[in-house]
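Below: one structure, written as structure tokens.
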Amino acid sequence: MNYIRLLILSIIIPFAVQGFAQEFAVKTNLAYDAMTTPNLGVEIGLRGRSTVNIVYGLNPWSFGSGDNGVRKAKHWVVQPEYRWWHCSKFNGSFIGVHALGGQLNASNVNLPIPGFFFSGENLQKGVKDHRYEARYAGAGFTYGYQWILGRHWNFEAEIGAGYIHAWYDKYACDECGAKIANGGTNYVGITKIGLSLLYIF
């Protein structure tokens with residue numbers, strides 16, 4: 000039920016803040032789309048050179064791989080972020096502080112996570128041979144840049160790094176239901192990468 004609350008908040012907050020906004024944009028992260036994870040974001044201009052950015056992504060897919068069983072990296076994630084712009088909103092470079100939270104159900108895949116785990120299992124290696132169900136939360140810092148493409152269109156590149164803690168249940172295989180372990184693990188590294196297309200109202 001927590002993910003439903005987060006989803007509702009990610010939808011309500013932008014419209015609650017919009018009354019104070021000078022600009023409003025919707026966006027999709029094309030890099031995330033390419034990894035079979037549909038996503039939608041909103042960015043709201045505040046006073047001065049600040050914006051608030053919120054992105055929601057959902058990957059509900061499982062893929063068959065012949066003799067190798069089912070491959071999946073099912074997950075959902077919400078990433079709220081505060082941004083400060085060097086010159087003006089929606090134009091040029093920005094720095095940000097972001098948080099993130101979500102759930103994961105993964106097995107038989109190579110997770111593209113450029114960072115390292117400590118004080119717990121390495122989920123990046125573990126999901127090759129086991130299935131993990133996990134909840135996770137974290138925070139980090141972002142640097143990015145937006146280019147104006149036209150009157151209403153922008154393109155954005157961003158990268159973020161930070162910390163994530165995951166609470167997981169470990170299962171023997173991708174289809175069996177026997178839980179063999181549970182625990183927590185910590186991650187430090189890249190927490191977001193974006194190549195996004197924006198429409199600004």
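Going by numbering that gives the first Met the number 0, the sequence shown opens with residue 0, and the numbers climb by one from there. Quick reminder that beta carbons are idealized off the backbone N, C-alpha and C, glycines included.
(1) Check Leu29 in the structure and name its three-state DSSP category.
(2) Could you tell me the alpha carbon to alpha carbon distance between Thr27 and Gly143, rounded to whole angstroms?
(3) So, does the stretch 142–158 touch the stretch 170–187, judging by three or more C-beta pairs under 8 Å?
(4) Going by other Cβ atoms of all chains shown within 10 Å of its Cβ, with 16 needed for buried, is Trp75 buried or exposed?
(5) Please name the residue or residues paired with Asp168 in a DSSP beta bridge.
(6) Going along the chain, which unbroken runs of the beta strand (DSSP E) with 3 or more residues stay wholly within the stretch 98–132?
(7) Please classify Thr190 as buried or exposed, where buried requires at least 16 neighbouring CB atoms within 10 angstroms.
(8) Taking the beta strand (DSSP E) that Gly40 belongs to, which residues open and close that run?
(9) Would you list the one or two residues that DSSP bridges to Glu80?
(10) For Phe23, which residues does DSSP report across the bridge?
Based on what the coordinates show:
(1) As a first step, residue 29 is located in the sequence shown; it is residue number 30 there, counting from the start. It is helical.
(2) Reading the sequence shown from its first residue, position 28 is the one you call residue 27. Reading the sequence shown from its first residue, position 144 is the one you call residue 143. If you take the alpha carbons of Thr27 and Gly143, they lie about 15 Å apart.
(3) no
(4) Taking the sequence shown and counting its residues from 1, one reaches residue 75 at position 76. Buried, by the Cβ-count rule.
(5) Position 169 of the sequence shown, counted from the start, is the residue given in the question as residue 168. According to DSSP, Asp168 bridges with Glu132 and Asn181.
(6) 114–117
(7) Your numbering for residue 190 matches position 191 in the sequence shown. Looking at its Cβ environment, which holds 16 or more other Cβ atoms inside 10 Å, Thr190 is buried.
(8) To locate residue 40, count along the sequence shown from 1; it is residue 41. From DSSP, the beta strand (DSSP E) with Gly40 extends over Asn38 to Gly44.
(9) Along the sequence shown, one-based indexing puts residue 80 at 81. Answer is Asn52 and His97.
(10) For the purposes of this step, residue 23 is taken as residue 24 along the sequence shown, with counting starting at 1. Answer is Ile43, bridged to Phe23.
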